[in-house]
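Numbering (this note's numbering), first residue to last: 1153 to 1553. For each residue, glycine too, the CB sits at the ideal point set by N, CA and C. In this text, all values refer to a predicted model and were calculated from it rather than measured experimentally. Structure, as structure tokens:
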């Protein structure tokens, strides 16, 4: 590790001296994905895992707050920039050019190449992968062989840096299936009621953005089920927890359970009997894991043909609010019975169950260290956490004047 005087002074306070593995999280979505990688490194006594949030002025402080809440060591952007790290792990290209050390870039959604923005294929375009003609990352992690073919067409300079590792988020979802009963109990369901998980992306185009009463409509349409809401982290970041829960108050009072902001969605998807989803990648993950999916109407969102989200949109029914919900849920189950899960799973990952092993190997190659003998198993998702409304409990009776 190469330091200037300030960083060297900090090292004299350390109990262990080793390489730093810097987790670069410019926003909450990147951080949540990077947290899947922490167990691959954190037990190694030769390493110190540290986090930083680039100071580009574009994000709310959620990422830094979550690092602290989870017990991570947070460096300022200046501290992170003045040290050459043993490894830099990034869930976004933002801020990647400002830190030093061998760099590994992972996707922060359902793989790269899911969406289009004009002619730009999200995550695989030269504008996102190159800086001054040079590839930003030493390793670019892809989930599927299809993405490598796309990369060869869109940014051939990056192909030598690419590694097809599969999808660690999907692997952990699959590993969670054995604990379905525990996830159901964590959501407050101890009987045989069905659980309907409603998951939405962010933006005005999304299912929630284009239909503010979405969750109340679903609760009213499924009175005998437990409806659980999983909102994209950007919704909480952009609008604030209090405001979002205020918008959902009517549905919460009618029985909606809302996952805590920035908490893991995989337990709720595993517990669910059916998932309602807009174009969020969570819908594709759910279908790939075997859960029936009914699509939520939303404004147009360009999807890359052949991507898991595009195939899901083509092969699953679309919810019609003018018709009873229960027959439409059965149509979603019918689509799943025709092998949709295997089809979607095959599009989500080319290396099922292997992502952790491959990623760990690549990390230690960049670190220049031998891998520890201790294997790291694919761990299930944590138990889902519910939020409450109102945030400040109201008195049960009116105080005397």
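Let me know if residue 1482 comes out buried or exposed under the rule of 16 or more other beta-carbons within 10 Å of its beta-carbon.
For the purposes of this step, residue 1482 is taken as residue 330 along the chain shown, with counting starting at 1. It counts as exposed.
Where residue 1506 falls: helix, strand or coil (DSSP)
On the chain shown, position 354 is the one that residue 1506 refers to. Residue state, collapsed to three classes: coil.
Going by the CB atoms, is the gap between residue 1338 and residue 1419 shorter than 8 Å?
Here residue 1419 refers to the residue found at position 267 of the chain shown. Here residue 1338 refers to the residue found at position 186 of the chain shown. Yes, Cβ-Cβ distance for residue 1419 and residue 1338 is below 8 Å.
Residue range of the alpha helix (DSSP H) that includes residue 1433:
Residue mapping note: residue 1433 aligns to position 281 of the chain shown, counting from 1. Element bounds for residue 1433: 1433-1440.
With a threshold of 8 Å, are at least 3 pairs of Cβ atoms found where one atom belongs to the region 1350-1358 and the other to the region 1426-1435?
yes
Over what stretch of residues does the alpha helix (DSSP H) that includes residue 1362 continue unbroken?
Numbered from 1 along the chain shown, position 210 holds the residue referred to as residue 1362. 1359-1362 is the extent of the alpha helix (DSSP H) around residue 1362.
Neighbour-count burial assignment, residue 1343, 16 or more Cβ in a 10 Å radius
Here residue 1343 refers to the residue found at position 191 when the chain shown is read from its first residue. Residue 1343 should be labelled exposed.
Since residue 1233 is in the alpha helix (DSSP H), which residue starts that stretch and which ends it?
Locating residue 1233 in the chain shown gives position 81, where the first residue counts as 1. First-last of the alpha helix (DSSP H) with residue 1233: 1229-1233.
What's the C-alpha gap between residue 1416 and residue 1422?
Along the chain shown, one-based indexing puts residue 1416 at 264. Along the chain shown, one-based indexing puts residue 1422 at 270. So the alpha carbons of these two residues sit roughly 11 Å apart.
Straight-line gap, residue 1444 to residue 1469 (C-alpha atoms, nearest Å)
Here residue 1444 refers to the residue found at position 292 of the chain shown. Here residue 1469 refers to the residue found at position 317 of the chain shown. If you take the alpha carbons of residue 1444 and residue 1469, they lie about 10 Å apart.
Okay, do the region 1398-1407 and the region 1525-1533 touch, 3+ Cβ pairs below 8 Å being the bar?
no
What does residue 1492 pair with, by DSSP beta-bridge criteria?
Counting from 1 along the chain shown, the entry for residue 1492 is found at position 340. Paired residues: none, contrary to the question.
CB contact flag (residue 1367, residue 1440, <8 Å)
Here residue 1367 is taken as the residue at index 215 of the chain shown, counted from 1. Here residue 1440 is taken as the residue at index 288 of the chain shown, counted from 1. Taking 8 Å as the Cβ cut-off, residue 1367 and residue 1440 do not qualify as a contacting pair.
Under three-state DSSP, which class holds residue 1348?
Along the chain shown, one-based indexing puts residue 1348 at 196. Residue 1348: strand per DSSP, three-state reduction.
Just to confirm the assignment: which complete alpha helix (DSSP H) runs, minimum length 4, are found wholly within the region 1185-1255?
1214-1221 and 1229-1233
Between which residues of its own chain and residue 1260 is the CB-CB distance below 7 Å, once the five residues before and five after are set aside?
Here residue 1260 corresponds to residue number 108 of the chain shown, with the count starting at 1. Excluding residues within five positions, the ones whose Cβ falls inside 7 Å are 1181, 1182, 1185, 1243 and 1244.
Residue 1280 - partner residues in DSSP beta bridges:
One-based indexing of the chain shown puts residue 1280 at position 128. Per DSSP, none; premise fails for residue 1280.
Report yes if the CB atom of residue 1276 is closer than 8 Å to the CB atom of residue 1299, and no otherwise.
Taking the chain shown and counting its residues from 1, the one referred to as residue 1276 is at position 124. Taking the chain shown and counting its residues from 1, the one referred to as residue 1299 is at position 147. Yes, Cβ-Cβ distance for residue 1276 and residue 1299 is below 8 Å.
Residue 1227 vs residue 1171 beta-carbon contact at 8 Å
For the purposes of this step, residue 1227 is taken as residue 75 along the chain shown, with counting starting at 1. For the purposes of this step, residue 1171 is taken as residue 19 along the chain shown, with counting starting at 1. Taking 8 Å as the Cβ cut-off, residue 1227 and residue 1171 do not qualify as a contacting pair.
Roughly how many angstroms separate the alpha carbons of residue 1341 and residue 1408, rounded to a whole number?
In the chain shown, counting from the first residue as 1, residue 1341 sits at position 189. In the chain shown, counting from the first residue as 1, residue 1408 sits at position 256. Cα to Cα, the separation comes out at about 12 Å.
Of the choices 1290, 1217 and 1222, whose alpha-carbon is the least far from that of residue 1251?
For the purposes of this step, residue 1251 is taken as residue 99 along the chain shown, with counting starting at 1. Among 1290, 1217 and 1222, the Cα nearest to that of residue 1251 belongs to 1290.
For residue 1382, list the residues DSSP reports as bridge partners.
What you label residue 1382 is simply residue 230 of the chain shown in a count that begins at 1. Bridge partners of residue 1382: 1351.
Using the DSSP secondary-structure output, state which residues sit across from residue 1322 in a beta bridge.
Position 170 of the chain shown, counting from 1, holds the residue named residue 1322. Note: residue 1322 sits in no beta bridge, so no partner.
Keeping to the same chain, check which residues put their C-beta closer than 6 Å to that of residue 1361; ignore five residues upstream and five downstream.
Here residue 1361 refers to the residue found at position 209 when the chain shown is read from its first residue. Excluding residues within five positions, the ones whose Cβ falls inside 6 Å are 1355.
Short check: CB of residue 1346 to CB of residue 1472, under 8 Å?
Within the chain shown, the letter at position 194 stands for residue 1346. Within the chain shown, the letter at position 320 stands for residue 1472. Not in contact: residue 1346 and residue 1472 (Cβ atoms no closer than 8 Å).
Closest Cα partner of residue 1231 within the set 1292, 1176, 1370 and 1279:
Looking up residue 1231 in the chain shown gives position 79. Nearest of 1292, 1176, 1370 and 1279 to residue 1231, Cα basis: 1176.
Do you know offhand how far residue 1268's Cα is from residue 1436's?
Mapped onto the chain shown, residue 1268 falls at position 116. Mapped onto the chain shown, residue 1436 falls at position 284. Note that residue 1268 scores 48 on pLDDT, short of 50, meaning its location in the model is unreliable and no value can be drawn from it.
What do you get for residue 1206, buried or exposed, if any count of 16 or more other CB atoms within 10 angstroms of its CB means buried?
In the chain shown, counting from the first residue as 1, residue 1206 sits at position 54. Buried, because 16 or more other Cβ atoms sit within 10 Å of the Cβ of residue 1206.
Sort out for me which residues DSSP pairs residue 1367 with in a bridge.
Your numbering for residue 1367 matches position 215 in the chain shown. Bridge partners of residue 1367: none, in fact.
Residue 1315, DSSP secondary structure in three states:
Taking the chain shown and counting its residues from 1, one reaches residue 1315 at position 163. Reduced to three states, the DSSP call for residue 1315 is strand.
Cross-strand partners of residue 1293 (DSSP beta bridge)
As a working note, residue 1293 is residue 141 in the chain shown. Its beta-bridge partners are 1315.
Is the Cβ-Cβ distance between residue 1411 and residue 1382 less than 8 Å?
Translated into positions along the chain shown, residue 1411 becomes position 259. Translated into positions along the chain shown, residue 1382 becomes position 230. Yes, the Cβ-Cβ distance between residue 1411 and residue 1382 is below 8 Å.
So is residue 1319 buried or exposed if we call it buried at 16+ other beta carbons inside 10 Å?
Position 167 of the chain shown holds residue 1319. With 16 or more Cβ atoms within 10 Å of its Cβ, residue 1319 is classed as buried.
Can residue 1446 and residue 1494 be called in contact, C-beta distance under 8 Å?
For this step, residue 1446 is matched to residue 294 along the chain shown. For this step, residue 1494 is matched to residue 342 along the chain shown. In this structure, residue 1494 does not lie closer than 8 Å to residue 1446 by Cβ.
Under 6 Å Cβ to Cβ from residue 1325, same chain only, skipping five residues before and after it: list those, please.
What you label residue 1325 is simply residue 173 of the chain shown in a count that begins at 1. So the list reads 1418, 1437 and 1441, once near-sequence residues are dropped.
Which residue wins for smallest C-alpha separation from residue 1504, given the options 1213, 1204, 1297 and 1193?
Within the chain shown, residue 1504 is the residue found at index 352, counting from 1. If we check each option's Cα against that of residue 1504, 1297 comes out closest.
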